[in-house]
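Input: a single structure, listed below in structure tokens.
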Amino acid sequence: MRLGVLDVGSNTVHLLVVDAHPGAHPWPAHSEKVVLRLAEQIGPDGALTEAGADGLVRAVAAARASATRLGSGDLLAFATSAVREATNAAEVLARVRDATGVRLEVLSGADEARMTFLAVRRWFGWSAGRLLALDIGGGSLEIAAGIDEDPAVAVSLPLGAGRLTRDRLRIDPDGAEPPPAGAVADLREYVDGLLDPVVEKMAEVGWERAVATSKTFRTLARLAGAAPSGAGLWARRSLTRQGLRQVLGFVRHIPPRHLSELEGVSVGRAHQLLAGAVVAEAVMRRLDVPALDICPWALREGVILRQLDRFTESATRGDQA
0 MRLGVLDVGS
10 NTVHLLVVDA
20 HPGAHPWPAH
30 SEKVVLRLAE
40 QIGPDGALTE
50 AGADGLVRAV
60 AAARASATRL
70 GSGDLLAFAT
80 SAVREATNAA
90 EVLARVRDAT
100 GVRLEVLSGA
110 DEARMTFLAV
120 RRWFGWSAGR
130 LLALDIGGGS
140 LEIAAGIDED
150 PAVAVSLPLG
160 AGRLTRDRLR
170 IDPDGAEPPP
180 AGAVADLREY
190 VDGLLDPVVE
200 KMAEVGWERA
210 VATSKTFRTL
220 ARLAGAAPSG
230 AGLWARRSLT
240 RQGLRQVLGF
250 VRHIPPRHLS
260 ELEGVSVGRA
270 HQLLAGAVVA
280 EAVMRRLDVP
290 ALDICPWALR
300 EGVILRQLDR
310 FTESATRGDQ
320 A
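Position one of the sequence shown corresponds to residue 0 (numbering that gives the first Met the number 0), numbered consecutively onward.
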């Protein structure tokens, strides 16, 4: 079967179309995305701006047209923290539905963490033992750990790279000067404070293998020397805490407008790199993680895998009847 998953994230609207069937590896057939940075288009009142809503409607309409053209039988459409936390979320969702016919399911932060964990578990398999999965998005940080496919603990914190760039560092993407040292120190203190209640909870679960997903972690790993995307999906990639500290040490001194000149750093997310590095360093330090394996599967793949599981369960019930 051919499935489409539409991920309305805090940075991008990403359509992934895969060919898959229960029990098989879902193979990507098509991928397209639009950078909207919705996390940075939240007004002082907490509402998504009119410009942000306009861009979202256009992006969803284009994604639906592509999915239809490619013969996707199902379009699994979901939204994460930027839409979830907007004070006008209901109005925005209704507008998207009326204009495009696409009903966006708003995922809770815990559900994001659970489905990302499922993708990580399926990628590494049971031999990985107890897993710790970390994901830094535009609006939130997801942390999950456990031995099964459903994690024992799944936590979401408002520590996304886009959110912190907007609210804490207040970085201009075209800025000619890096943020002051005091602002970075304040951000680190803020991140540590939000991590405090999570650290003990995660330590109680424990893990044998620590894994990271998301564009932020992949970019940081690349800057620390991991294989480029051109090396392929199967290349092993990792990020050490020492390597991350070195990356953080130099990116904090680079003006935002020059960050995209670094290898592996995309133009649309370059100015968020510093905030993402601060969060990554804090969570690795606080959870005492010396190194992370980078997983190419994340939330989108988790959503697809969960849907395939539902197809299997439905078919099994039909056979039993």
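Beta carbons: idealized from backbone N, C-alpha and C, even for Gly.
- Query: Since PRO27 sits in a beta bridge, which residues does DSSP pair it with?
  - Reply: VAL17
- Message: Buried or exposed, going by whether 16 or more other CB atoms sit within 10 Å of the CB of TRP233?
- Response: exposed
- When the Cα atoms are used, what is the spatial distance from ILE170 to PRO177? 8 Å
- Message: Assuming SER237 is part of the beta strand (DSSP E), what are its boundary residues?
- Response: 237-239
- Task: For ALA59, collect the residues of the same chain with a Cβ closer than 6 Å to its Cβ; drop the 5 residues on either side in sequence, then sort them by chain order.
- Result: For the sequence presented, residue 59 should be read as Val rather than Ala. VAL95, THR99, VAL101, listed in sequence order.
- Evaluate HIS257 with the Cβ neighbour count: other Cβ atoms within 10 Å of its Cβ, from every protein chain shown; 16 or more gives buried, anything less gives exposed. exposed
- Boundaries of the alpha helix (DSSP H) in which SER80 is found, first to last residue: 80-83
- Item | Three-way DSSP call (helix, strand, coil) for ASP355 in this model | Residue 355 is absent from the structure shown; the chain starts at 0 and stops at 320.
- Item | Per-residue burial, LYS200 [other beta carbons within 10 Å of its own, 16 or more giving buried] | exposed
- Query: Taking Cβ positions, are GLY3 and LEU103 nearer each other than 9 Å?
  - Reply: no
- Message: Please state whether the Cβ-Cβ distance between ALA118 and ALA211 is less than 9 Å.
- Response: no
- Item | Whole-angstrom C-beta distance between VAL82 and VAL105, which should lie under 8 Å | 6 Å
- Which first and last residues belong to the alpha helix (DSSP H) in which ARG63 is found? 49-68
- Which class does GLY242 belong to by DSSP, given the choice of helix, strand or coil? helix
- ILE303 in three-state terms, based on DSSP: helix
- Message: Taking the alpha carbon of VAL7 as the reference point, which residue from SER71, THR48, VAL17, PHE77 has its own alpha carbon closest?
- Response: PHE77
- Message: Could you tell me the alpha carbon to alpha carbon distance between MET283 and ALA220, rounded to whole angstroms?
- Response: 13 Å
- Message: Quick check on SER155: does DSSP put it in helix, strand or coil?
- Response: strand
- Message: Please report the distance separating the alpha-carbon of VAL17 from that of ALA182.
- Response: 42 Å
- Message: Taking a contact to mean a Cβ-Cβ separation below 9 Å, would you say ALA127 touches LEU272 in this structure?
- Response: no
- Message: DSSP three-state label for THR11, please.
- Response: strand
- Message: Could you compute how far the alpha carbon of GLU90 sits from the alpha carbon of THR239?
- Response: 43 Å
- Looking at C-alpha atoms only, which residue of GLY45, GLY72, ASP53, VAL266 is the closest neighbour of SER214? A small fix is needed here, since residue 214 is Lys in this sequence, not Ser. Per the Cα distances, VAL266.
- Message: With distance defined between alpha-carbon atoms, name the residue in ALA19, LEU133, VAL250, GLU111 nearest to ILE293.
- Response: LEU133
- Query: With burial defined as no fewer than 16 other Cβ atoms inside 10 Å of the residue's Cβ, what is the status of GLU207: buried or exposed?
  - Reply: exposed
- Answer yes if the region 107-116 comes into contact with the region 38-54, meaning at least three C-beta pairs across the two stretches below 8 Å, and no otherwise. no
- Where in the region 186-242 do unbroken runs of the alpha helix (DSSP H), each at least 4 residues long, occur, reported from the N-terminal end onward? 214-222
- At what residues does the alpha helix (DSSP H) containing LEU258 begin and finish? 255-258
- Task: With DSSP as the reference, label ASP166 as helix, strand or coil.
- Result: helix
- Task: Can you check DSSP and say which residues form a bridge with LEU291?
- Result: LEU238
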